[in-house]
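Participant: Dropping the structure in here first, questions after.
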Amino acid sequence: MSTLPYRGVADRREPDQSIANKTTIKNFGGNVEFQPRHRYQPTSETAVLNILAKHRGEQIRVLGAGHSWTPLIATDDVLVDMRHFDHVEVVESVHAGDADGPSGGPVVRVGAGCRIKDLLRALDQHGLTLPSIGLITEQSIAGAAVTGTHGSGRHCLSQYVVAARIACYDERGGELTPRIVEVSSGDELRAVRCSLGRLGVITELTIQCVPRYYVEERVVWGDTFEEMRSAERDWPLQQFFLIPHAWRYIAQRRRVAEDNTRRGFAAAYHVYFIVAIDVCLHVLIKLFKRSAGFVRLLYRQIFPRFVITGWGTTDRSDRQLTMKHHWFRHFELELFVQAGDAAKCSELVTDMLMFADDRAHEPSESTRDAIESADLSDAFAGIGSTYSHHYPICIRRVLADDTLIAMTSRAAGAAEGTTDWYAFSFITYRQPTDDFEATIGLLARVAAYQFGARMHWGKWSPLSHEVAAATYPEMQTFEAICRRLDPEGSFSGLARVARS
Ligand SMILES: Cc1cc2nc3c(=O)[nH]c(=O)nc-3n(C[C@H](O)[C@H](O)[C@H](O)COP(=O)(O)OP(=O)(O)OC[C@H]3O[C@@H](n4cnc5c(N)ncnc54)[C@H](O)[C@@H]3O)c2cc1C
Numbered sequence: 396m397s398t399l400p401y402r403g404v405a406d407r408r409e410p411d412q413s414i415a416n417k418t419t420i421k422n423f424g425g426n427v428e429f430q431p432r433h434r435y436q437p438t439s440e441t442a443v444l445n446i447l448a449k450h451r452g453e454q455i456r457v458l459g460a461g462h463s464w465t466p467l468i469a470t471d472d473v474l475v476d477m478r479h480f481d482h483v484e485v486v487e488s489v490h491a492g493d494a495d496g497p498s499g500g501p502v503v504r505v506g507a508g509c510r511i512k513d514l515l516r517a518l519d520q521h522g523l524t525l526p527s528i529g530l531i532t533e534q535s536i537a538g539a540a541v542t543g544t545h546g547s548g549r550h551c552l553s554q555y556v557v558a559a560r561i562a563c564y565d566e567r568g569g570e571l572t573p574r575i576v577e578v579s580s581g582d583e584l585r586a587v588r589c590s591l592g593r594l595g596v597i598t599e600l601t602i603q604c605v606p607r608y609y610v611e612e613r614v615v616w617g618d619t620f621e622e623m624r625s626a627e628r629d630w631p632l633q634q635f636f637l638i639p640h641a642w643r644y645i646a647q648r649r650r651v652a653e654d655n656t657r658r659g660f661a662a663a664y665h666v667y668f669i670v671a672i673d674v675c676l677h678v679l680i681k682l683f684k685r686s687a688g689f690v691r692l693l694y695r696q697i698f699p700r701f702v703i704t705g706w707g708t709t710d711r712s713d714r715q716l717t718m719k720h721h722w723f724r725h726f727e728l729e730l731f732v733q734a735g736d737a738a739k740c741s742e743l744v745t746d747m748l749m750f751a752d753d754r755a756h757e758p759s760e761s762t763r764d765a766i767e768s769a770d771l772s773d774a775f776a777g778i779g780s781t782y783s784h785h786y787p788i789c790i791r792r793v794l795a796d797d798t799l800i801a802m803t804s805r806a807a808g809a810a811e812g813t814t815d816w817y818a819f820s821f822i823t824y825r826q827p828t829d830d831f832e833a834t835i836g837l838l839a840r841v842a843a844y845q846f847g848a849r850m851h852w853g854k855w856s857p858l859s860h861e862v863a864a865a866t867y868p869e870m871q872t873f874e875a876i877c878r879r880l881d882p883e884g885s886f887s888g889l890a891r892v893a894r895s
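The sequence shown lines up with residues 396 to 895 when you count with my numbering.
So this is what it looks like as structure tokens:
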């Protein structure tokens with residue numbers, strides 16, 4: 396048992412920072428909407444413990460920045476919004492670690508509700524940064540970590556969590572008492588790293604950081620998945636995109652630069668990227684998302700002219716690795732397959748999207764076999780010529796993680812840490828999302844059957860909890876830890892979710 400001594404108890408003399416009730420809460424994607432009976436914005440651990448004491452036995456959910464598409468934050472009862480927990484304290488000394496915990500390097504103790512962008516700004520003042528970030532930095536650090544948020548070529552953020560303080564229930568003495576526990580090693584740490592708000596309210600995380608680094612980037616086209624993948628030897632941070640309707644790949648080849656100097660007119664590249672890609676391309680997609688003819692023209696003729704290939708630049712990691720993805724509301728599914736299945740999965744994606752666009756398309760034999768073995772041939776026939784996918788499919792390699800249930804945790808039958816994973820992300824701007832859900836949902840179900848694909852915990856998933864859980868060999872260990880820290884299941888329920 397690796398949990399450190401319990402600290403902190405509820406103190407009714409301190410206010411619990413309840414705020415106006417009857418407010419409707421909506422997530423970023425607008426697909427999760429609910430009205431909690433009680434809503435709090437606590438400013439101290441004691442206030443969080445008071446909330447837990449007051450609402451024992453009710454359904455409690457924790458809100459980060461609301462950027463997940465899954466109903467993880469939804470509750471009819473109690474919502475705890477952690478926005479005021481935003482302190483940042485860099486511990487310059489070497490983190491000692493322990494026998495089974497990570498060790499070495501500087502760490503930061505950060506309030507759970509701190510936005511990643513604010514954390515990066517604070518770390519930069521110490522010449523430090525996070526080892527890994529996703530495409531945006533708007534999320535809260537706890538929300539991002541506990542859903543396995545990832546970038547490309549590194550682990551997901553969860554892996555870099557080395558300790559956490561959690562407000563949860565303690566059953567000692569036969570009575571449930573809210574307490575703060577500190578978790579820093581063993582299976583509890585592996586659970587809390589990707590815990591989906593199931594263990595309690597995380598108040599603070601301790602996260603490994605790395606010296607500030609710069610990233611070299613250049614954009615190139617390619618024709619095959621293997622061609623893209625083989626480039627990762629020299630460009631380990633690369634992410635690449637399958638371009639719909641052109642059915643070719645384009646890569647942002649990336650690697651850590653030798654020194655921290657901005658190069659290759661990086662400021663101009665940054666402006667070009669924001670204007671041409673983040674704004675103009677996205678406005679075009681948004682405006683013409685319903686016109687299959689225009690979408691085809693866009694990716695076959697216009698997009699290749701937007702993209703400047705061969706321009707080599709070097710810039711600070713957080714500038715180079717992110718984009719303004721949050722400027723336009725969208726809806727997303729992301730599936731993960733092990734590296735050995737990634738090329739086949741890419742073929743499946745291409746075939747199914749081509750058929751959805753035009754039923755005259757003949758899928759490959761392996762795609763047909765996959766659909767037949769999943770017993771989904773009729774459903775497949777039904778999507779022909781119903782949906783033209785209108786957003787590039789981002790493909791990212793993510794290293795295997797030492798967590799119980801992150802999407803990149805060990806797969807059944809695989810030795811620990813033996814395989815990388817590839818994440819395929821699917822985005823739509825269309826509302827309602829029915830046609831996207833029919834095609835991409837079917838694709839996800841075939842991939843789950845054929846490759847044991849896992850869905851991003853923070854993004855939309857068509858899989859039942861049972862099917863999703865079956866792909867995690869350590870799910871039962873996770874559930875057992877949830878029961879220990881939350882014996883009455885206050886943090887386990889997913890309440891009613893109204894879809895807009
Ligand atoms: C525009 C956009 C771009 C994105 N890009 C990426 C990307 O590149 N890579 C990627 O992997 N993901 C990406 N995501 C997904 C996103 O990173 C995750 O959904 C993440 O969980 C959002 O963080 P949040 O702070 O908004 O968490 P929320 O959505 O508020 O909450 C997510 C989960 O965390 C729990 N939680 C939050 N705070 C706490 C706490 N203090 N204690 C306990 N539990 C807590 C919640 O209860 C919930 O279960 C993107 C999302 C958007 C909208």
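Just so you know, even glycine gets a beta-carbon here, dropped at the ideal spot from N, CA and C. Quick caveat, the model's predicted, so the values are computed rather than measured.
#1: Quick one: is CYS675 buried, meaning 16 or more other Cβ sit within 10 Å of its Cβ, or exposed?
#2: Since I believe ARG510 is in contact with GLU533 (beta carbons under 8 Å), could you give me their beta-carbon distance rounded to a whole number of angstroms?
#3: Taking 7 Å as the cut-off, is the beta-carbon of HIS545 closer than that to any non-hydrogen atom of ligand 1?
#4: Give the single residue among LEU730, ASP618, ALA843 whose Cα lies nearest to the Cα of GLY543.
#5: From LEU571 to ALA539, what distance separates their C-alpha atoms?
#6: Please go through the region 523-548 and give each complete alpha helix (DSSP H) segment of 4 or more residues, from N-terminal end onward.
#7: Do three or more CB pairs link the region 637-649 to the region 732-750 at distances below 8 Å?
#8: What is the C-beta distance between ARG657 and GLY522, in whole angstroms, given that I count them as a contact (C-beta under 8 Å)?
#9: Using only CA atoms, which one of ALA448, ARG613, HIS450 lies nearest to ARG648?
#10: Work out the CA separation of PRO431 and VAL457 for me, nearest whole Å.
#11: Using DSSP with H/G/I as helix, E/B as strand and the rest coil, what is VAL427?
#12: Using 8 Å as the threshold, is the region 859-868 in touch with the region 589-604, meaning 3 or more CB pairs across them?
#13: Considering only residues of the region 637-724, which uninterrupted beta strand (DSSP E) runs meet the minimum length of 3 residues and lie entirely inside it, listed in chain order?
#14: Could you please give me the residues that DSSP links to HIS433 through a beta bridge?
#15: May I ask you to report which of helix, strand or coil DSSP gives GLN634?
#16: Indicate whether the contact test is met: 3 or more Cβ pairs, each with one atom in the region 568-584 and one in the region 817-833, closer than 8 Å.
#17: My output table needs one value for CYS789: the three-state DSSP class, helix, strand or coil.
#18: Quick check: what's the CA-CA separation for ARG792 versus ILE528?
#19: On the three-pair Cβ rule with 8 Å, is the region 682-695 touching the region 722-741?
#20: In angstroms with no decimal places, state the Cα-to-Cα distance between SER780 and MET870.
#21: Using the three-state DSSP reduction, which class does ALA848 fall into: helix, strand or coil?
#22: Along the chain, where does the beta strand (DSSP E) that runs through ARG574 open and close?
#23: Determine the burial state of SER820: buried for a count of at least 16 other Cβ atoms within 10 Å of its Cβ, exposed for fewer.
#24: With distances taken between CB atoms, is the gap from TRP852 to LEU591 smaller than 8 Å?
#25: According to DSSP, simplified to helix, strand and coil, what is SER772?
#26: If you compare alpha carbons, which of LEU880, VAL862, LEU858 is closest to THR465?
#27: With a threshold of 7 Å (Cβ to nearest heavy atom), would GLY548 be considered close to ligand 1?
#28: Between the region 691-704 and the region 799-810, can you find at least three pairs of beta-carbon atoms closer than 8 Å?
#29: For the region 660-669 against the region 698-718, are there 3 or more C-beta pairs whose distance is under 8 Å?
#30: Looking at C-alpha atoms only, which residue of ILE822, GLY884, ARG763 is the closest neighbour of CYS789?
#31: Quick one: complete beta strand (DSSP E) runs, 3+ long, within the region 576-627?
#32: Starting from the Cα of VAL744, find the closest Cα among HIS725, CYS563, PHE636, GLN554 and give me that residue.
#33: Between the alpha carbons of SER885 and LEU632, how many angstroms are there, rounded?
#34: Tell me whether GLU453 sits in a helix, a strand or coil according to DSSP, three-state version.
#35: Report yes if the CB atom of GLY452 is closer than 8 Å to the CB atom of GLU883, and no otherwise.
Facilitator: Concretely, from the data shown:
#1: Locating residue 675 in the sequence shown gives position 280, where the first residue counts as 1. Burial call: exposed.
#2: Within the sequence shown, numbered from 1, the residue matching residue 533 stands at position 138. Within the sequence shown, numbered from 1, the residue matching residue 510 stands at position 115. That belief holds up - the Cβ atoms of GLU533 and ARG510 are roughly 6 Å apart, short of 8 Å.
#3: Taking the first residue of the sequence shown as 1, we reach residue 545 at position 150. Checking the Cβ of HIS545 against ligand 1 gives yes.
#4: For the purposes of this step, residue 543 is identified with residue 148 of the sequence shown, where counting begins at 1. With distances taken between Cα atoms, GLY543 lies closest to LEU730.
#5: Taking the first residue of the sequence shown as 1, we reach residue 571 at position 176. Taking the first residue of the sequence shown as 1, we reach residue 539 at position 144. Here the C-alpha atom of LEU571 lies approximately 29 Å from the C-alpha atom of ALA539.
#6: 536-541
#7: yes
#8: Position 262 of the sequence shown, counted from the first residue, corresponds to residue 657. Position 127 of the sequence shown, counted from the first residue, corresponds to residue 522. Not confirmed; about 16 Å, so no contact.
#9: As a first step, residue 648 must be located in the sequence shown, where it is residue number 253. Of the listed residues, the one whose Cα sits closest to ARG648 is ARG613.
#10: By 1-based counting over the sequence shown, the position of residue 457 is 62. By 1-based counting over the sequence shown, the position of residue 431 is 36. Across the structure, VAL457 and PRO431 are spaced so that their CA atoms are roughly 11 Å apart.
#11: Within the sequence shown, numbered from 1, the residue matching residue 427 stands at position 32. Looking at VAL427 - three-state DSSP - the assignment turns out to be coil, as it is neither helix nor strand.
#12: no
#13: 643-651, 708-711
#14: As a working mapping, residue 433 is identified with position 38 in the sequence shown. DSSP lists VAL473 as partners of HIS433.
#15: In the sequence shown, counting from the first residue as 1, residue 634 sits at position 239. Three-state DSSP puts GLN634 in a strand.
#16: Contact fails: fewer than three Cβ-Cβ distances are below 8 Å.
#17: The count along the sequence shown starts at 1 and reaches residue 789 at position 394. Strand.
#18: Residue 792 sits at position 397 when you count from the first residue of the sequence shown. Residue 528 sits at position 133 when you count from the first residue of the sequence shown. Distance between the alpha carbons of ARG792 and ILE528 is about 13 Å.
#19: No contact exists between the region 682-695 and the region 722-741.
#20: What you label residue 780 is simply residue 385 of the sequence shown in a count that begins at 1. What you label residue 870 is simply residue 475 of the sequence shown in a count that begins at 1. So the alpha carbons of these two residues sit roughly 39 Å apart.
#21: Within the sequence shown, numbered from 1, the residue matching residue 848 stands at position 453. Looking at ALA848 - three-state DSSP - the assignment turns out to be coil, as it is neither helix nor strand.
#22: To locate residue 574, count along the sequence shown from 1; it is residue 179. Taken as a continuous stretch (DSSP letters only), the beta strand (DSSP E) holding ARG574 covers 572-578.
#23: Stepping through the sequence shown from its first residue, residue 820 is reached at position 425. Burial is judged here by how many other beta carbons sit within 10 angstroms of a residue's own beta carbon; SER820 has at least 16 and is buried.
#24: As a first step, residue 852 must be located in the sequence shown, where it is residue number 457. As a first step, residue 591 must be located in the sequence shown, where it is residue number 196. Contact flag set, yes.
#25: Within the sequence shown, residue 772 is the residue found at index 377, counting from 1. Note: SER772 maps to helix in three-state DSSP.
#26: Working through the sequence shown from its first residue, we reach residue 465 at position 70. Measuring from the Cα of THR465, the nearest candidate turns out to be LEU858.
#27: Position 153 of the sequence shown, counting from 1, holds the residue named residue 548. It does not: the Cβ of GLY548 is nowhere closer than 7 Å to a heavy atom of ligand 1.
#28: The region 799-810, when compared against the region 691-704, does not touch it at the 8 Å Cβ threshold.
#29: yes
#30: Residue 789 sits at position 394 when you count from the first residue of the sequence shown. Closest by alpha carbon: ILE822.
#31: The region 576-627 contains these whole beta strand (DSSP E) runs: 596-603, 609-617.
#32: Start at 1 with the first residue of the sequence shown, and residue 744 comes out as number 349. Nearest C-alpha to VAL744: PHE636.
#33: The count along the sequence shown starts at 1 and reaches residue 885 at position 490. The count along the sequence shown starts at 1 and reaches residue 632 at position 237. If I take the Cα positions, the gap works out to 40 Å.
#34: Position 58 of the sequence shown, counting from 1, holds the residue named residue 453. Residue state, collapsed to three classes: coil.
#35: As a first step, residue 452 is located in the sequence shown; it is residue number 57 there, counting from the start. As a first step, residue 883 is located in the sequence shown; it is residue number 488 there, counting from the start. Against a cut-off of 8 Å, the Cβ pair of GLU883 and GLY452 comes out as a contact.
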